[in-house]
Amino acid sequence: DDDNPGLGTSSGEEMLYSIIVDLDGDGAAELVVSSNGSHSFTTGLFVYQDPHKRWMPTRQVWNQWAYSVTNVNPDLSVPSPATPNWQEPGLNNYGVNALPVAERVGAVLVDSFREMDIDGISRSWRVNRGTVVAGDLTGDDRSELIAIGQRGSGIQNTQYLTALSFTEGNELEVLWYWNGWLSAFELNDPDRDFAMREARDPVIGDVTGDGVPEVVVTAYCLGDILIFSNTGERLISTQVGRVPQSSETSPDCPQYYGSGSTADRGRLSLVDLTGDGLPEILLSFRNRLRAFDGSGTLLWESEAPNYQPGGSEFDYAVADVNLDGRPNIWFGGTLFDADGNVLWGKATNPLSNDWIGWYAVANLNDDPFGELIYWGNGPDLVVFDHQGNCLWQARKWSNANPTPTLGCPTAIQVPDLPTSSPGFRAGLIVADIAGDGKPRIVIGNRTNSDGPERNRVIAFNADGTPFWSVPALLSSGASVRVNQINAFDLTGNGVMEIIITGVNGTVVLNGRNGQTLFEIPADDDNPGLGTSTGQDIIYSIIVDLDGDGAAELVVSSQGSAGLDGQTPTGLFVYRDPQNRWMPARQVWNQWVYSVTNINPDLSIPSVPERNWLTPGLNNYRVNAFMPGEGGAVDAFSYRVSDGELASNEATVYLDIRRPNRPPAFITSPVKRAGVGLDYRYRVRAVDPDPGDEASIRLDRGPVGMVLDANGVLRWQPGAADLGEHPVILSAIDLEGEITLQEFSLSVLEPVEVPDVLGLAQAAAEAALGSAGLAPGRLDTAYDPVLAAGLVLSQAPDGGGMVLPGDAVDLVISLGPSPVAPNFPPDRPVEAIFIEPGELILLQGQSLQLEAFALLDDGSEHRLADAAWSASGSVQVNAQGRVTATAAGAGTVNAQFQGFSAQIEVTVIGRIPGDDEAPAALLISPADGAQLTERVAVIGTAFDANLVSYRLEIGPPGGGRWETLAEGVAPVVEDVLGYLDATLMDNGLWRLRLTVLDAGGNQSVDEISVVLDGDLKAGLFSLRFVDLDLPLAGVPIRIEREYDSRRRQPGEFGPGWRLAVRSTELRCTAPLGAGWQVARSGLSFLLLPDEEKLCTVRLADGRLERFDFRPAVTSSPFVPFSLLGSSFVARPGTRGRLQPLSNTNLLIADPQPGEVVLLDDVSLNP
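Every number in my numbering is 1352 more than the matching position in the sequence shown, counting from 1.
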């Protein structure tokens, strides 16, 4: 129409197109329509969005007509190499925009509140005791945050009740604050009853029943409360007075700062105890409970008879556990009714001597009543039924046949807990964390020292058996030191994320298995506590602050370190980078939080729904929607009738989820290791479900074995480790589905590789056989010095330690090239020199030297007939092979036509007893990377007794290796050398790192890289046609070619080759070897251990790339038998690659497991 684009009657040349992008970065997609039309309809560019901006997030980039998600990064850089679109979880698309998983995970800091202007002075601000609550105070459909800010400590403690708004600009701003400061010199001030000191738990709710929420805090005079309006006006201050401590005789408030007073803090909650439709204010302090009405009148006071308050934690839980229609209070090992009467109380816990700890209520068995949960000193996790009968008790018992206490019938052993008091019970929640409909208890445990037992998060099944247990660690290895636990299904996959906040940051775990999903380490911008005194606290809540239908994570921190600027403290708001976390309630109104105890409008239910009987709940201290609130997926309601009477209405809520298939390992384990050798196994796993991904975890292995951040399983066994060791790896998808890879790792005595250089091939193979080794790849090369049939090079080098049965690759000399002259004619020699020019050798190590003549025209020529001599700690043979005979120094000399050259050799003595192999690891570029320019090679070459490392490149399948870099100093995750693709021929290459130590131990790591591109600096080439036969069918042309990119010696010397205008084919490995058949559900999956890549370099240097693929990679119900195969061209490849012979493959190995793809005729791989 007049406003929206179209073309009218198109002539065929006019077009109307569209793209989908997030233009303004607000986490919601826009539709951009472009029109080229000369007719009556509107043309140009048009931007559309959903009326409520609720279209889903997408990328902010659509960079070209030929658009594919994986071909461009969000910052508009072009990935090298690009991941095939169909291999990225959730994609397998083209010309369509989507968010890859890597662009959806984690959390971003939206804003923080760390300082506040008070009387024109900016003061640092921290949350006292870490408690923050949220709710809509102003009626604008956005939630405010309420916390008690603190500056200072002790008598000079400054406290500010602070209300913060979360603005439309996503900023935290002060809505109002109230100064509750009271100094030691104002104790006789008549307003002292209106002050706060060590106030910790603000609560919000409609206390007076007028439809407007109020804020309640504890007062300076312990046992009293202050009530404020939603605008910060003080409405009520009670003056009941506190209960004196045992050493005091007067409850007068000025006595408050007496001995032990720092333990006198309380917790508040709002609950309708009387059932009159108006809430009461419940306060716990020391071993007492007080109930006030909305006017501040004290209704009752009660005491937990066996509670020995020795700390600052007075937690409790409120719920109608006995289903009599009135709430109960679970506090101090005692169950109270709504009038403060003791229903039953447990004796003092003999394992901890108090009932200090965390309290919760949930339904853990088949009856309709609530169970009472206590996690406290001992440490003990204890569950009682509503009548006070203990159901089970879990702890780390000191003997194999423990006797439970408290009348518990079952003693459950929890090895991951310490045997003594942990210092801090750090969090207790109940929720269906795994998405299987079963409630589970999650607890945290920490001390002020690191240690796997004392800093853990443990999930328990309803019967008390551990569900999973993980150390609370950051990826750096530092303990989180848990302060509090929260849970919420952030991603909407049915499995809750467990949010762990602590001294050193925040970690988010998968609720199904405890695996870390992402973390927020404490740093200059993100909260932590620095060096915690044990009293500093960091907590979190999950709410939808801005009402946009996506949850925010609010982290609050009280840390004394933050006052010195060491670690930020205050309030911090996080959200998903694309704001895609699932919807959450806009309210978290109190510390003692349960979904059913507060309505979304901050009114208090007169008779709350029993949380555990409410569909989709059965949780505690976890946020979730009540039935009928926002966030439900699909639902239907029904009634039951017998024809005369109808039942109440029941509603069923449906969450439609796709079936989940388990992940699969695509690498075969390395099942042998050697004493002192560096064991490495590069582990890979994939998940067959679109949008899903697999992470890998080491569940069981010998002591010292680790799975590093690069997915490499590493270990260095010692002599005591000889024998078999069980290893269990888990592949875990985002839904928590687990696949195990179990194998037995054999540790063997290594054998020394004999030095076979210079031996005839038969003699070399015999020497290898005598050492228990086998010949590996055999290759040949021309050499102007070494006679034909002798071993020119070997890998691994002689003197290295390997496993029995390992293969040693050999290069056999073909002698001097038949077309290479012995010496350039008519060119006088100006000097000679030796390569390498300086040398460090290990005692007993040998190395081939080369002598070169420098001619008068500046060219160089390798000398085949130089005269060699040596002195000192080395010897040299007639062909220039030097051998280190003893520790010390030596010299090697070469002479030719009266010219001489000399190099110095340093010989390092062997260290007896050094049987630990050095570390050799290539980190970057990644295996299979495509390179078009000069790149740094990052890796590790380390040993306490390092001799040297060597970085080399060579063709796959055999050939000479060229040294890129060498070094004698240890390198740890740093630059080993540089690989310049602009100076080398295109194609598939192998990159190899060899590290040698003074014990003679050698480690090797090797990867594949693809060199490509037309950017070749200093490229120079020549071509001479020697023969041209224009035959019918296939003409033959023979040429001599020189190409500066070719680093391998050719028939006429380096860079030269005899060409028949042919192509060159290289493949990563035998294509039929290295495959796995995995079982996933009812299907068998055929997966490669590594990519099966073949490159074809054409005569003009252009590179064509093909993936070898079986025709079928999934077989429902039955294993694979016969299948076809083909080569699939990668993007940018213009040609086709076809086998000339049989393409049918056979799998004869048992399935699932490791398999080899065989030619079904020859039965060769």
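A virtual CB, placed ideally from N, CA and C, is assigned to each residue, including glycine.
Exercise. Given 8 Å as the limit, is there contact between the stretch 2185-2192 and the stretch 2254-2264, that is, 3 or more CB pairs closer than that?
Worked result: With a cut-off of 8 Å, the stretch 2254-2264 and the stretch 2185-2192 count as touching, because enough Cβ pairs lie within range.
Exercise. For Cys2446 versus Phe2458, is the C-beta distance shorter than 8 Å?
Worked result: Going by C-beta atoms, Cys2446 is nearer than 8 Å to Phe2458.
Exercise. When burial is assigned at 16 or more other CB atoms within 10 Å of the CB, is Phe2376 buried or exposed?
Worked result: So Phe2376 counts as exposed.
For this session: Have a look at Arg1642 and Glu1467 and give me their C-alpha separation to the nearest angstrom.
Result: So the alpha carbons of these two residues sit roughly 34 Å apart.
Exercise. Based on Cα-Cα distance, which residue from Leu1675, His1738 and Phe1840 lies nearest to Asp1784?
Worked result: Cα-wise, what sits closest to Asp1784 is Phe1840.
Exercise. Excluding sequence positions up to five away, which residues of its chain have a Cβ less than 8 Å from the Cβ of Gly2484?
Worked result: The beta carbon of Gly2484 sits closer than 8 Å to the beta carbons of Arg2457 from its chain, once the five residues preceding and following it are set aside; these are given in chain order.
For this session: Please check the pair Asp2085 and Arg1494, which I expect to be a contact at CB under 8 Å, by giving their CB distance rounded to whole angstroms.
Result: Arg1494 and Asp2085 do not touch by the CB rule: their CB atoms are close to 36 Å apart, not below 8 Å.
Exercise. Where does Lys1698 land, buried or exposed, given buried means 16+ other C-beta within 10 angstroms?
Worked result: With 16 or more Cβ atoms within 10 Å of its Cβ, Lys1698 is classed as buried.
Exercise. Should Pro1426 go down as buried or exposed, given a rule of 16 or more other Cβ atoms within 10 Å for buried?
Worked result: Classification for Pro1426: exposed.
Exercise. Count the other CB atoms within 10 Å of the CB of Ile2303; is the residue buried (16 or more) or exposed (fewer)?
Worked result: Just to set this straight, residue 2303 is Leu in the shown sequence, not Ile. Counting C-beta atoms within 10 angstroms of its own C-beta, Leu2303 has 16 or more neighbours from the protein chains shown and is therefore classed as buried.
Problem set entry | Residues bridged to Thr2132 (per DSSP) | DSSP lists Ile2164 as partners of Thr2132.
Problem set entry | Identity of the residue in Ile2018, Pro1979 and Val2320 nearest Glu2001 by Cα | Residue Pro1979 holds the alpha-carbon nearest to the alpha-carbon of Glu2001 among Ile2018, Pro1979 and Val2320.
For this session: Please go through the same chain and pick out, in chain order, the residues whose beta-carbon is closer than 7 Å to the beta-carbon of Asn1639, but skip the five residues on each side of it.
Result: Excluding residues within five positions, the ones whose Cβ falls inside 7 Å are Glu1655, Ala1656, Tyr1659, Pro1661 and Gly1684.
For this session: Tell me whether Asn1949 sits in a helix, a strand or coil according to DSSP, three-state version.
Result: Correct three-state label for Asn1949: helix.
Exercise. Can you tell which of Pro2148, Gly2150, Ala2126 and Ser2165 has its C-alpha closest to the C-alpha of Ala2139?
Worked result: Distance check between Ala2139 and each of Pro2148, Gly2150, Ala2126 and Ser2165 places Ser2165 closest, using alpha-carbon atoms only.
Exercise. What is the residue span of the beta strand (DSSP E) that Ser2120 lies within?
Worked result: Correcting the residue identity first, residue 2120 is Leu in this sequence and not Ser. Boundaries around Leu2120 are those of the alpha helix (DSSP H), Gln2113 to Ser2122, since no beta strand (DSSP E) includes it.
Problem set entry | Cut-off 7 Å between Cβ atoms - residues of its own chain near Val1555, not counting five sequence neighbours on either side | Within the same chain, Val1555 has close Cβ partners Val1485, Val1568, Leu1620, Ser1621, Leu1622, Asn1941 and Gln1942.
For this session: Measure the CB-CB distance between Val2259 and Val2244 and report whether it falls below 8 Å.
Result: Taking 8 Å as the Cβ cut-off, Val2259 and Val2244 do not qualify as a contacting pair.
For this session: Identify whether Asn1693 lies in helix, strand or coil by the three-state DSSP scheme.
Result: Of the three classes helix, strand and coil, the one that applies to Asn1693 here is coil, per DSSP.
Exercise. Are there 16 or more other CB atoms within 10 angstroms of the CB of Trp2536, so buried, or fewer, so exposed?
Worked result: Shown here, the chain extends from 1353 to 2517; a query on residue 2536 therefore has no answer.
For this session: Given a cut-off of 8 Å, decide if Leu2120 and Pro2106 are closer than it, judged by their beta-carbon atoms.
Result: Yes, the pair counts as a contact, with Cβ atoms nearer than the cut-off.
Exercise. The beta strand (DSSP E) spanning Glu2094 covers which residue range?
Worked result: Following the DSSP letters along the chain, one finds Glu2094 inside the beta strand (DSSP E) bounded by residues Ile2090 to Leu2100.
For this session: Between the Cα of Tyr1420 and those of Asp1576, Asn1449 and Glu2182, spot the shortest distance and give me the residue it belongs to.
Result: In the sequence as presented, Tyr is not what sits at residue 1420; that position holds Ser. Comparing Cα positions, the closest option is Asn1449.
Exercise. How close, in whole Å, do the beta carbons of Arg1932 and Pro1452 come, if the pair is a contact with beta carbons under 8 Å?
Worked result: Contact between Arg1932 and Pro1452 is absent: CB atoms are separated by about 13 Å, not below the 8 Å threshold.
Exercise. When we look at the beta-carbon of His2077 and count the other beta-carbons within 10 Å, is it buried (16 or more) or exposed?
Worked result: Buried is the call here.
Problem set entry | For Asp1469, three-class secondary structure by DSSP | In the three-state scheme derived from DSSP, where H, G and I count as helix and E and B as strand, Asp1469 is classed as strand.
Problem set entry | Segment contact flag, the stretch 2044-2059 with the stretch 2271-2289, C-beta cutoff 8 Å, min 3 pairs | As far as the Cβ criterion goes, the stretch 2044-2059 does not touch the stretch 2271-2289, which means the pair count is below three.
For this session: Could you name the residues that DSSP lists as bridge partners for Val1462?
Result: The partner list for Val1462 (beta bridge, DSSP) is empty, contrary to what the question assumes.
For this session: Please indicate yes or no: does the CB of Val1959 lie closer than 7 Å to some heavy atom of the ligand HEM?
Result: As presented, the structure is devoid of all ligands, the ligand HEM included, so that no description of it is given.
For this session: Give me the Cβ distance between Arg1792 and Ala1811, rounded to the nearest whole Å; I'm assuming they're in contact under 8 Å.
Result: About 5 Å separates the two Cβ atoms, so the contact holds.
For this session: Assuming Val2448 and Leu2489 form a contact by the criterion Cβ under 8 Å, report the distance between their Cβ atoms to the nearest whole angstrom.
Result: Sure, about 6 Å apart at Cβ, within 8 Å.
Problem set entry | Environment of His1404 [buried if 16+ CB atoms lie within 10 Å] | Exposed, since its Cβ has fewer than 16 Cβ neighbours within 10 Å.
Exercise. Does the beta-carbon of Phe2017 have 16 or more other beta-carbons within 10 angstroms, so that it is buried, or is it exposed?
Worked result: It is buried - the Cβ of Phe2017 has at least 16 other Cβ atoms within 10 Å.
Exercise. Looking only at DSSP bridge pairs, what is His2077 linked to?
Worked result: In DSSP, His2077 forms a bridge with Leu2097.
Exercise. By how many angstroms is the C-alpha of Arg2214 removed from the C-alpha of Leu2374?
Worked result: When rounded, the distance between both Cα atoms is 21 Å.
Exercise. Residues in its own chain within less than 7 Å of Tyr2518 by CB, not counting five upstream and five downstream?
Worked result: Residue 2518 is absent from the structure shown; the chain starts at 1353 and stops at 2517.
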